[in-house]
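Before any comments, here is the structure.
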C-alpha cells in the first residue's frame, strides 16, 4: 500500500448526520464546485463505514489550512486503528488545523494518544459547517479486514519503554468491561496466574504511558482477546510474546494483520466455552468446565517456542 496525499481547494464539510445510509450516518466533503470528494469514509471489509452526506447549510467557520483526520471513534481499538489512519503525513503539514468528526469533545485518553503521535497539533471537532482555504487528505494507512500499511505502522510506533522486554509476565484484564463482552471465568484465570507470579493490570484504568511501560517492558503479555492488545502498535518495538484467549470460537482478522506487519510472536487459542448472554461485541462466555480452565492456563503459560496451541478460527471477536 503506497500512501499519498491530495489537496482540496475551497473544501466544505460539516458534522455527520444520522441517515439510513450504512453505519447510520451520512458524511461527505465537498469541493469548491459542490461535488462530493471521493474516499473520505473509513472502510471496513471493503465497504465504506458511512454513507454519503448532504451539503451542510448555515453559517460557516473558516479554516484557511486544514488537515482531515476523520471520525473520532470512542472505542479504544477503533480510535487507535481507524481514527489515526490518515495522520501519518501530518508532520509535513504541522501548521494545519486537524479536523475531526463524530464526537463533541476529545476525551483525555484520546488526547494522550494524539500528544504521543502528533505533539503540538491543533485539533478542531467539526460541529458546524466548515469552509477550508485548502484541505489536505491523506490516504488511509489502515483498513479493517484488509491491511496495515508499513508507513502507518512506523508512524504509530513512537513509544520506547524505559526497560523494553524481558520483564513481567503480564495479564491484561477485561474483568471490569462486562458491558462490552468477555469471559465470565476471567477472575479465576487471573487468580491462578497471580499465584504463579503474573502481574494483572486493567489497562483502561491506567494512564497511557503506564500502559505502554507495562506492555513494552513485559516478556509475555496475555489476556482474553480485545483491543487492549492493539496498544503494541504504539511501541517502537514489541519484544513480548502475545497470548490471547479467543472469546467463543473465533476472532477478527485485525490481530493477524497487526502481527504480520510488526513481526510479533503471537498465539491465539481457544478452549471449550459456552455463550451465556449478549450479542455481537457484547457476547459473554463461560469456560466449559474445570478441565477447560486448566487447558487455558496451560496454553497461557506454554513456554515460548513450544508446540503451538490450537488456533481459533477468525470470527467475531474484536
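Residue numbers (the numbering used here): 893 to 1210.
Just so it is clear, CB atoms sit at the ideal spot from N, CA and C, and this is done for glycine as well.
Asked, Found
"Whole angstroms are fine: how far does the CA of residue 1141 sit from the CA of residue 1164?", "8 Å"
"Excluding five sequence neighbours on each side, which residues of the same chain lie with their C-beta closer than 8 Å to the C-beta of residue 964?", "971, 975, 992, 993, 994, 995, 998, 1002, 1017"
"Please state whether DSSP places residue 1090 in a helix, a strand or coil.", "coil"
"Between which residues of its own chain and residue 1079 is the CB-CB distance below 6 Å, once the five residues before and five after are set aside?", "1067"
"From 937, 955, 921, 1186, pick the residue whose C-alpha is nearest to that of residue 944; which is it?", "921"
"In three-state terms, what does DSSP make of residue 1210?", "Note that residue 1210 has pLDDT 45, beneath the 50 cutoff, so the model's placement of it is unreliable and no number is given."
"Under 9 Å, do residue 1055 and residue 1109 count as touching if we go by C-beta distance?", "yes"
"Once you ignore the five residues that flank residue 952 on each side, which residues in its own chain have a CB closer than 7 Å to its CB?", "1021, 1022, 1023"
"Note down, in chain order, each residue of its chain lying with its Cβ closer than 7 Å to the Cβ of residue 1086, except the 5 sequence neighbours on either side.", "1092"
"Would you mind sorting residue 1053 into buried or exposed? The rule is 16 or more other CB atoms within 10 Å of its CB.", "buried"
"Have a look at residue 894 and residue 939 and give me their C-alpha separation to the nearest angstrom.", "20 Å"
"To the nearest angstrom, how far is the alpha carbon of residue 896 from that of residue 1076?", "45 Å"
"Could you please give me the residues that DSSP links to residue 940 through a beta bridge?", "935"
"Which residues in the same chain have their Cβ closer than 7 Å to the Cβ of residue 1118, if we skip the five residues on either side of it in sequence?", "1066"
"Strictly by DSSP, which residues pair up with residue 1040?", "1034"
"Is it right to say residue 1011 is buried, meaning 16 or more other beta carbons lie within 10 angstroms of its own, or is it exposed?", "exposed"
"Considering only the beta carbon of each residue, do residue 1074 and residue 1147 sit closer than 9 Å?", "no"
"Measuring straight from C-alpha to C-alpha, what distance separates residue 1210 and residue 968?", "Because residue 1210 sits at a pLDDT of 45, beneath the cut-off of 50, its placement in the model cannot be relied upon, and the following sentence gives the value as read from the coordinates. Answer to the nearest angstrom: the Cα atoms are 11 Å apart."
"Examine the Cβ distances between the stretch 1189 to 1198 and the stretch 1097 to 1106 and report whether three or more of them are shorter than 8 Å.", "no"
"From residue 1025 to residue 1049, what does the alpha carbon distance come to, in whole angstroms?", "32 Å"
"Taking only the alpha-carbon atoms, compute the straight-line gap between residue 979 and residue 1060 and give it to the nearest angstrom.", "32 Å"
"For the beta strand (DSSP E) containing residue 1116, list its first residue and its last residue.", "1112 to 1116"
"Identify the continuous beta strand (DSSP E) that holds residue 1006 and give its terminal residues.", "From DSSP, residue 1006 is part of no beta strand (DSSP E) but of the alpha helix (DSSP H) over 1000 to 1009."
"With H, G and I counted as helix, E and B as strand and the rest as coil, what does DSSP make of residue 1062?", "strand"
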